[in-house]
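Notes for the one structure printed next.
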Amino acid sequence: MAVLTRGARGALALHSGEWLERPAFSVEAVDTTGAGDVFRGAFAWALLGGASAKQVLALAAAAAALACRGEGAQGALPAVAEVERIAMAGSLRTPAVRRNPD
Numbered sequence: 115m116a117v118l119t120r121g122a123r124g125a126l127a128l129h130s131g132e133w134l135e136r137p138a139f140s141v142e143a144v145d146t147t148g149a150g151d152v153f154r155g156a157f158a159w160a161l162l163g164g165a166s167a168k169q170v171l172a173l174a175a176a177a178a179a180l181a182c183r184g185e186g187a188q189g190a191l192p193a194v195a196e197v198e199r200i201a202m203a204g205s206l207r208t209p210a211v212r213r214n215p216d
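Start counting at 1 in the sequence shown, then tack on 114, and there's your number in the numbering used here.
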């Protein structure tokens, strides 16, 4: 699989003769330093773990987006569970927490 990362525009991959496009997750970026490295690390982890091509791209994109939330190259390295949750949900947004008006 060959991959081209495009920052905020997501990633393109050529897998078994088919082009796959993965949009980037929308995130309020604090610092994008290291996002590409995180993408590549998560990509390798997911690929070696046996994920499908589409899952690999989703997990890598989720990890890269989450990494942009902190300062510096290691400011917001995400946990595996968080990456998996975001990739499956398809969004960084989480449902609003309803509070008891009392």
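Ideal placement from N, C-alpha and C gives every residue a C-beta, glycine not left out. Computed from a prediction, not measured in an experiment: that's the story for all the values here.
What is the residue span of the beta strand (DSSP E) that residue i lies within?
| i | result |
| --- | --- |
| Leu118 | Ala116 to Thr119 |
| Leu191 | Run containing Leu191: none; DSSP gives neither H nor E here. |
| Arg136 | Glu132 to Arg136 |
Given residue i, which residues of its chain have a CB within under 6 Å of its CB, disregarding the five upstream and five downstream residues?
| i | result |
| --- | --- |
| Gly121 | none |
Compare the Cα-Cα distances from residue i to each of the options and report the closest residue.
| i | options | result |
| --- | --- | --- |
| Ala174 | Leu161, Ala193 and Phe153 | Phe153 |
| His129 | Arg199, Val194 and Ala116 | Ala116 |
| Val194 | Arg123, Ala160 and Gly131 | Ala160 |
| Ala179 | Gly164, Arg136 and Ser166 | Arg136 |
| Glu198 | Gly150, Ala156 and Ala190 | Ala156 |
I think residue i touches residue j, with their Cβ atoms under 8 Å apart; what is that distance to the nearest whole Å?
| i | j | result |
| --- | --- | --- |
| Val141 | Glu185 | Val141 to Glu185, Cβ: 14 Å. No contact. |
| Ala176 | Ala201 | 4 Å |
| Leu171 | Ala125 | 6 Å |
| Gly164 | Thr119 | Contact flag wrong, Cβ pair sits at about 22 Å. |
Give me the DSSP bridge partner(s) of residue i.
| i | result |
| --- | --- |
| Leu126 | Leu118 and Glu135 |
Please list, in chain order, all residues of the same chain as residue i whose beta carbon is under 7 Å from its beta carbon, the five residues on each side excluded.
| i | result |
| --- | --- |
| Thr147 | Gly186 and Ala187 |
By the DSSP assignment, the alpha helix (DSSP H) with residue i in it spans what residues?
| i | result |
| --- | --- |
| Gly164 | Per DSSP, Gly164 belongs to no alpha helix (DSSP H) and is neither H nor E. |
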